[in-house]
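Following the working numbering, the numbering of the sequence shown begins with -13 at its first residue and continues without gaps. Note that the Cβ used here is the ideal one computed from N, Cα and C, for glycine as well.
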Amino acid sequence: MNLNSMYTDLLESIINRQLRDISSTPCEYQSTLASVAKTSRLFNDLANARLYRDIVVYDDDNKSIVENDNCTYIHINQLGKFVESLTYQNFLKIRSIELHCKSNFSKYDYSALYEKIGDFWTHTQHNIEFINFDIDNIRRNQTILQFLSKDCYEIMEENDEVESCVGSKPSKVWNLTNWSVLAAQELTSLPLWSPNLKTLDLFIETIIGDVQFPMQRVKIPNLEQLNLNTTLSTQCFLSLNPEVPNLQKVSISYSHSFNKPPINFNDYQMVDFDKLTDLELKFNCLHSDCSCINEFYHELSQNSHHFTKLKNLSIVNHNSKNHVRNLEQYAFLLSSQLSDLFNKFTSLEYIYIRINEFVKNDTCKIDWNSFNKSIQMLPSLRKLIIADFFNWWAPSIQLTRTLMVNTCTCQKCHTIKSLFQQMAAYDEDNHYTHNFDNYCFDSTQIMMPNHIDLVKKANSKFMSYLINHYKSQFHESIIYSMSASYFREHDNQLLSPFKTLFMHGQLRLLASSLKRGNTHLKVNFGGISI
């Protein structure tokens, strides 16, 4: 090793480790890197390589996304400045761009960013993953894929040979490693055989006119992730019936409504479930005489080879439909089918479950003991998230709110119970506006009752406020669902003590029963991790 390489390694260590270690927040680390980049040409190259590698644009509604030191965070108000100052050299350092914004009240415009990137791609081929989570924006305007592909569609006739297009001149869309498809017609026009295409995200809400899919199977050779975000998206993909030999992550959304065929495992023969690392199944069934959800999971469990790679599994009631028969199927799945499923997928490390997030329901009961035994079958499980715990699970297993917060009698919980009752009374005086900006804890009232009376209106309302606060930490994206974390913990200093109250109660006992020797397992009950 020569002196120059040793010197470079030392500077890289300073930038990638030491500066990060002394920075208290990702934004502080980002600011420090920007300052260091101004000190010398070599520092500029090294710091910019880190700063421009992964870009995340966010708005005020998505401030909780700022948690990863490996990304550079840009507030939407600074996007114009970023686009204006982006140079060709720094563009080549970009590996990914994510837009975490909501254009519901504020109407954000990304056209300048699209145009700048498109101009750079006129001069070079450089692969970038570009994910726009702003669904209102792409509904109203267009995706970057649509922007780039306006002049490069290749219309395939029904009798065309798919392979004949492989020699076509690469267009700008080939630089995108992920595509967001909003219309069925795009699937018949875009070069799906692009060797750089790693992620395909279908968000098809309506189909206008007739769509003629190619008769020949299209091979998508390097596709690793497939997101089918709507029922129509799934149907279009099945009609396309492509070859996807390298698929690793799959998200399927399907509603067996009154004008759709039932969910059928055999329709997905192009997917090798044994080779997947990530699987997300978002189903619902609105037929009172149907069991297609249970039949799908049965076939999935039976279609078994000894060596499976699945690490992450998400079980979701699509659109949280509370049709009784639909919930009965999910209750049966969680109570009676998980053992067979986990006998096949023995290496699971992450499970996410959301069945009924809107309606409190205890008619379709879950067999907790059976669910408990199934979870204990997974020695590698590290994270279990039950997003709808307070709405469906707690009533089903007869876990009352009183048992959640009144079990522990330690001094710390006694103080927190006093805080709970003081804040509830304060909120009552302010007509339940949940505005605690001017609240101050009165330590002289520490001798309040060591039992929270949840029959009392003020206490009951404050309890509901807390639970809704914990539930609001879940952000389940309707596009690119496997590319974003479902859970973003809120850093609310005023409300954080109440987690202790829940963690010292019955939730701790439930978590202990699920872990049963698996000390590495974290259980998230509706936003409270134990």
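Comparing alpha-carbon positions, the option among 298, 94, 344 and 464 lying closest to residue 369 turns out to be 298. In the three-state scheme derived from DSSP, where H, G and I count as helix and E and B as strand, residue 222 is classed as helix. Shortest Cα-Cα distance from residue 200 to any of 296, 335, 377 and 173 involves 173.
Per DSSP, the continuous beta strand (DSSP E) segment holding residue 338 begins and ends at 336 to 340. Looking at the DSSP output, residue 186 sits in a beta bridge with 165 and 212. Closest in alpha carbon position to residue 277, among 317, 110 and 92, is 317. Taking a 10 Å sphere around the C-beta of residue 191, we find fewer than 16 other C-beta atoms and assign the residue as exposed. In this chain, residue 87 is not harboured by any beta strand (DSSP E), its DSSP state being neither H nor E. By the neighbour-count definition (other C-beta atoms within 10 Å, threshold 16), residue 329 is an exposed residue. Distance from the CA of residue 353 to the CA of residue 480, rounded to the nearest whole angstrom, comes to 36 Å.
Counting along the chain, residue 324 sits inside the alpha helix (DSSP H) bounded by residues 324 to 330.
For residue 41, the enclosing beta strand (DSSP E) covers residues 40 to 44. Contact between the segment 392 to 403 and the segment 351 to 367 is absent, with fewer than three C-beta pairs closer than 8 Å. In this structure, residue 188 keeps its C-beta atom at 7 Å or more from the C-beta atom of residue 204. Secondary structure at residue 204: coil, using DSSP grouped into helix, strand and coil. For residue 414, the enclosing alpha helix (DSSP H) has its first and last residue at 397 to 415. Residue state for residue 229 is assigned as strand, using DSSP reduced to three classes.
Secondary structure note for residue 264: its beta strand (DSSP E) is the uninterrupted segment 264 to 271. Excluding sequence positions up to five before and after residue 42, its CB lies within less than 6 Å of the CB of 57, 59 and 84, all in the same chain and listed in chain order. Here residue 45 is buried, its C-beta having at least 16 other C-beta atoms within 10 Å. Between residue 53 and residue 82, the CB-CB gap reaches or exceeds 7 Å.
Ranked by Cα distance from residue 275, the options 252, 244 and 107 are led by 244. When the Cα atoms are used, residue 217 and residue 426 turn out to be separated by approximately 50 Å. Partner residues in the beta bridge of residue 238, as assigned by DSSP, are 214 and 267.
The Cβ neighbour count for residue 471, taken over all protein chains shown within 10 Å, is under 16; the residue is labelled exposed. Here the alpha carbons of residue 334 and residue 255 stand approximately 22 Å from one another.
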